[in-house]
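*Asks:* Count along the sequence shown from 1, then add 28; that gives the number in this note's numbering.
Even glycine gets a Cβ: it sits at the ideal position worked out from N, Cα and C.
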Amino acid sequence: MTPDHVQQWVNDHPLSPIHVDCAVTVMLKIIDGKCKMRPTEKVVMALLYDCVKHLPGQILQADLHPMIATARAKEDDEALKNLIYEKRLMAETAISRPVMKGFKAMIREQGLLERREDAETEA
Numbered sequence: 029m030t031p032d033h034v035q036q037w038v039n040d041h042p043l044s045p046i047h048v049d050c051a052v053t054v055m056l057k058i059i060d061g062k063c064k065m066r067p068t069e070k071v072v073m074a075l076l077y078d079c080v081k082h083l084p085g086q087i088l089q090a091d092l093h094p095m096i097a098t099a100r101a102k103e104d105d106e107a108l109k110n111l112i113y114e115k116r117l118m119a120e121t122a123i124s125r126p127v128m129k130g131f132k133a134m135i136r137e138q139g140l141l142e143r144r145e146d147a148e149t150e151a
């Protein structure tokens with residue numbers, strides 16, 4: 029999956045503000061090392077984040093984006109790792125499980141990610 033494919037998917041399936049928040053939360057989980065998605069799915073989710081990070085969310089603040097950009101570039105910054113951890117926990121607390129599960133189901137049903145069995149865990 030290329031950045032152009034993901035951008036086309038976003039164009040065809042515009043995300044609601046709460047789903048933008050879900051994409052941001054998954055990006056925080058990827059950076060924090062807590063995302064349980066397959067490696068290829070993490071790449072797609074990072075591309076999705078890149079396509080929607082400029083869009084408004086419903087709950088999360090836009091000030092997360094510069095921190096995410098820095099964290100993606102600097103993997104050895106312990107203080108930044110701790111901040112990402114805190115922001116991930118905050119995001120996971122702010123977004124209900126049913127909303128996050130619905131987001132993941134939607135992106136699978138709409139073809140961004142492969143469908144998986146419910147028994148498999150992810151993000």
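Could you tell me whether the stretch 131 to 145 touches the stretch 82 to 93, using the rule of 3 or more Cβ pairs below 8 Å?
*Replies:* no
*Asks:* How big is the Cα-Cα spacing for residue 70 and residue 113?
*Replies:* 17 Å
*Asks:* What does the alpha-carbon distance come out to for the pair residue 33 and residue 122?
*Replies:* Between the alpha carbons of residue 33 and residue 122 lies a gap of roughly 30 Å.
*Asks:* Taking just the CA atoms, how far does residue 110 sit from residue 50?
*Replies:* 20 Å
*Asks:* Rounded to the nearest angstrom, what separates residue 101 and residue 130 at their Cα positions?
*Replies:* 30 Å
*Asks:* Exposed or buried, residue 47, counting other C-beta atoms within 10 Å across all chains shown (16 or more means buried)?
*Replies:* By the neighbour-count rule (16 or more Cβ atoms within 10 Å), residue 47 is buried.
*Asks:* In three-state terms, what does DSSP make of residue 60?
*Replies:* helix
*Asks:* With a CB to CB cut of under 7 Å and the five nearest residues on each side skipped, what residues in its chain are close to residue 175?
*Replies:* A question about residue 175 goes unanswered here, because the residues of the chain that appear run from 29 up to 151.
*Asks:* Please list the terminal residues of the continuous alpha helix (DSSP H) segment that includes residue 117.
*Replies:* 106 to 122
*Asks:* For the alpha helix (DSSP H) that residue 87 lies in, which residues bound it at each end?
*Replies:* Taken as a continuous stretch (DSSP letters only), residue 87 belongs to no alpha helix (DSSP H), as it is neither H nor E.
*Asks:* Give every residue of the same chain whose Cβ lies closer than 7 Å to the Cβ of residue 147, excluding the five residues on either side of it in the sequence, and list them in chain order.
*Replies:* For residue 147, the pLDDT reaches just 40, beneath the cut-off of 50, and the residue's location in the model is therefore unreliable, although a value from the coordinates is still provided. Contacts found: none.
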